[in-house]
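To start, the structure under review is shown below, and the notes come after it.
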Amino acid sequence: MPPYALAGPSVLAPLHGIASRHDLPLPFSFVLVGAGVALVVSFVVLGVAWRRPRFGAVGGVALPRLTRFVDSSVTRTLARVLVLVLFAWVGLALFAGRDLLTNPVFGFVFVWMWVGLVPLSILLGPFWRVVNPLRTLHRLLCAVARTDPREGLAALPSWVGLWPGAIHLTAFTWLELVQPDRTTLPVMRVWALAWLVVVVLGAIAFGERWFAVSDPFEVYSTTIARLSPWHRTGDVLRLVNPLAGLTAWRPPPGAVGVVAVLLGSTAFDSFTNTTRWISTVQASAVPSILWATAGLLVMILVVLVTFTAAAAWMARYGDRPARTYARLMAGSLVPIVVGYAIAHYFTLLVLEGQRVLVNLSDPLGRGWDVLGTGRWAVDASIFDHPTAIAVVQLLAIVVGHVLGVISAHEKAVALLPERSALRGQWPMLVLMVGYTCAGLVLLFSP
1 MPPYALAGPS
11 VLAPLHGIAS
21 RHDLPLPFSF
31 VLVGAGVALV
41 VSFVVLGVAW
51 RRPRFGAVGG
61 VALPRLTRFV
71 DSSVTRTLAR
81 VLVLVLFAWV
91 GLALFAGRDL
101 LTNPVFGFVF
111 VWMWVGLVPL
121 SILLGPFWRV
131 VNPLRTLHRL
141 LCAVARTDPR
151 EGLAALPSWV
161 GLWPGAIHLT
171 AFTWLELVQP
181 DRTTLPVMRV
191 WALAWLVVVV
201 LGAIAFGERW
211 FAVSDPFEVY
221 STTIARLSPW
231 HRTGDVLRLV
241 NPLAGLTAWR
251 PPPGAVGVVA
261 VLLGSTAFDS
271 FTNTTRWIST
281 VQASAVPSIL
291 WATAGLLVMI
301 LVVLVTFTAA
311 AAWMARYGDR
321 PARTYARLMA
331 GSLVPIVVGY
341 AIAHYFTLLV
351 LEGQRVLVNL
361 SDPLGRGWDV
371 LGTGRWAVDA
381 SIFDHPTAIA
391 VVQLLAIVVG
401 HVLGVISAHE
411 KAVALLPERS
421 ALRGQWPMLV
431 LMVGYTCAGL
441 VLLFSP
């Protein structure tokens, strides 16, 4: 997404950070080689020291008191009401506010909701499915109609899986990265109403399960939360090794599509900020919207096809159909998605997240200061530390991929015979190294 100001006098913040390869503490070629070597060494060490599954049981520390607090009807009702009020406030800005970049709806959607879901889902687990305002609205409608919100007019086939969520995530990333005039109220109103109608009507048709497989924000949050240290076993919350919780995930159909959209769209976002992309689009007679649409879809398909092919190689050594391995291995992409999100967007969240809070105090653009935040100054001191930012971005991508290699290895030794587990992972290792190098090149390209 191009830079944009949320209030003004603005600080312009590109979505994928403010550092460049010149801010790295080492020459960029050294960084690329070092990142690749780190993954290969990790793989070799795992092959020698990690021959059997270690996360067969999630384990962790049971937290019954925290479970009672989290599951309390008072806690959940209060959380749902607060989020519903927040969305009503933003809805006021959307439908009654002025069509200016100082309208808080743009930053709320693209910064708080989209980018902010990542750290919140890591820290709090799959919280969005508890506070999702569309779930709350659906429950209120069912209460009025005296129907069970879990039941719909028809049963949702199991083969549907997360594919509706993958499609809706693709639609949202198209809005975020391609849609012309996306920071105008008429466009945002259409998309907000479409989100409301598709998700709520789907829940009426198929019951509450529709939210878990369709709502793009809930699917996003729940997927990222697989890497959270919180895991529910039965009726008890546990503090667990995040990789153990991730390994316990049994990805449904469409899970690969979800992570491919998340990873591919982030890569495309970075690519559109390179001089090569900008000069190519500007010199072409083809409309930029067609370039961007094609570019986004190609990036998503590249991730989907390469990951599926690398995972299918495992069928040569396992006893399952080749098409099933990509789904079973989908969790290994979650740490990479998180790493990319941190590397590309954390500066945006730190900087423009403040501006959203400022703008929320005046939803109608009339000079109000309802929340007392309207006169706050945005702290832009993050610009003073480009080297630190570059290091954080580098570490986020490399650590995310190392965790992805560990997760993939744990799954592989559980799915394949011990004698062939390493050979079955070779294409996946090559792919992980490729993703790492490509991510760094895109992130630090001029």
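Sequential numbering of the sequence shown, starting at 1, is according to full-length UniProt numbering. Cβ coordinates follow ideal geometry from the N, Cα and C atoms, glycine included. Since the structure is predicted, the reported quantities are computational estimates derived from the model, not experimental observations.
Extent of the continuous beta strand (DSSP E) to which residue i belongs
i, result
"Arg238", "Val236 to Leu239"
"Thr233", "Trp230 to Thr233"
Cα-Cα separation between residue i and residue j, rounded to whole angstroms
i, j, result
"His344", "Thr147", "44 Å"
"Val11", "Val433", "Because the pLDDT at Val11 is just 34, under 50, the model does not fix this residue reliably, and the point stays unresolved."
"Arg68", "Val130", "15 Å"
"Thr102", "Glu176", "18 Å"
"Leu296", "Trp174", "8 Å"
"Ala7", "Asn359", "Low confidence applies to Ala7: its pLDDT is 39, below 50, so where it sits in the model is not reliable enough to give any reading."
"Pro104", "Pro363", "6 Å"
"Phe444", "Ile278", "15 Å"
"Val337", "Val305", "16 Å"
"Val187", "His168", "17 Å"
"Ala269", "Gly439", "Note that residue 269 is Asp in the sequence shown here, rather than Ala. Rounded to the nearest angstrom, the two C-alpha atoms are 11 Å apart."
"Pro3", "Thr183", "Here the model assigns Pro3 a pLDDT of 35, short of 50, so the residue's position is not dependable, and the following value carries that caveat. One C-alpha to the other measures close to 11 Å."
"Ala143", "Leu137", "10 Å"
"Ala244", "Val286", "48 Å"
"Gly254", "Ser158", "11 Å"
"Ile300", "Gly257", "8 Å"
"Arg226", "Val405", "16 Å"
"Arg316", "Glu151", "42 Å"
"Thr275", "Gly34", "25 Å"
"Phe307", "Val334", "13 Å"
"Arg366", "Val85", "20 Å"
"Leu431", "Trp191", "35 Å"
"Leu94", "Glu418", "57 Å"
"Leu15", "Leu348", "Bear in mind that the predicted position of Leu15 carries a pLDDT of just 43, short of 50, making it too unreliable to give a figure here."
Where residue i falls: helix, strand or coil (DSSP)
i, result
"Ala62", "strand"
"Pro104", "helix"
"Glu218", "helix"
"Asp369", "coil"
"Tyr340", "helix"
"Ala267", "helix"
"Pro14", "Low per-residue confidence applies at Pro14: pLDDT is 44, beneath 50, and the placement is therefore not dependable enough to give any value."
"Ala255", "helix"
"Phe444", "coil"
Cβ distance (whole Å) where residue i is taken to contact residue j below 8 Å
i, j, result
"Val213", "Gly165", "6 Å"
"Val326", "Thr266", "Note that residue 326 corresponds to Ala in the displayed sequence, not to Val. In fact, because the Cβ distance is near 19 Å, the residues do not count as touching under 8 Å."
"Leu117", "Ser228", "Their Cβ separation, rounded to whole angstroms, is 12 Å, which puts Leu117 and Ser228 out of contact at 8 Å."
"Ala248", "Met329", "With 8 Å as the limit, Ala248 and Met329 do not qualify as a contact, their Cβ atoms being about 14 Å apart."
"Val413", "Trp112", "About 40 Å separates the two Cβ atoms, so there is no contact after all."
"Gly202", "Pro251", "Rounded, the Cβ-Cβ distance is 21 Å, inconsistent with contact."
"Leu156", "Phe206", "4 Å"
Residue range of the alpha helix (DSSP H) that includes residue i
i, result
"Ala145", "Pro133 to Ala145"
"Trp195", "Leu185 to Phe206"
"Ser332", "Careful: Ser332 lies outside any alpha helix (DSSP H) and carries neither H nor E."
"His409", "Pro386 to Leu415"
"Val302", "Ser288 to Ala312"
"Leu420", "Sequence inspection shows Ser at residue 420; the Leu mentioned does not correspond to that position. That residue, Ser420, is in no alpha helix (DSSP H); it is neither H nor E in DSSP."
"Ile167", "Trp163 to Leu177"
"Ser73", "Ser73 to Ala96"
"Ile122", "Leu117 to Leu124"
"Ile278", "Thr275 to Ala283"
"Tyr325", "Ala322 to Leu328"
"Thr247", "Pro242 to Thr247"
"Phe30", "Phe28 to Ala49"
Beta carbon proximity, residue i to chain C, threshold 8 Å
i, result
"Arg232", "Annotation note: the requested chain C is absent from the structure, which comprises a single protein chain."
Any non-hydrogen atom of the ligand SAM closer than 7 Å to residue i Cβ
i, result
"Val213", "Here there are no bound small molecules, and the ligand SAM is not part of this structure."
Three or more C-beta pairs closer than 8 Å, one from the region 190 to 208 and one from the region 237 to 247: is that the case here?
no
Are at least three pairs of beta-carbons, each pair with one atom in the region 116 to 128 and one in the region 368 to 388, less than 8 Å apart?
no
Mind the definition here: the region 287 to 304 touches the region 313 to 325 only if three or more C-beta pairs lie below 8 Å; say whether that holds.
no
With three or more C-beta pairs closer than 8 Å as the rule, is the region 27 to 44 touching the region 384 to 403?
yes
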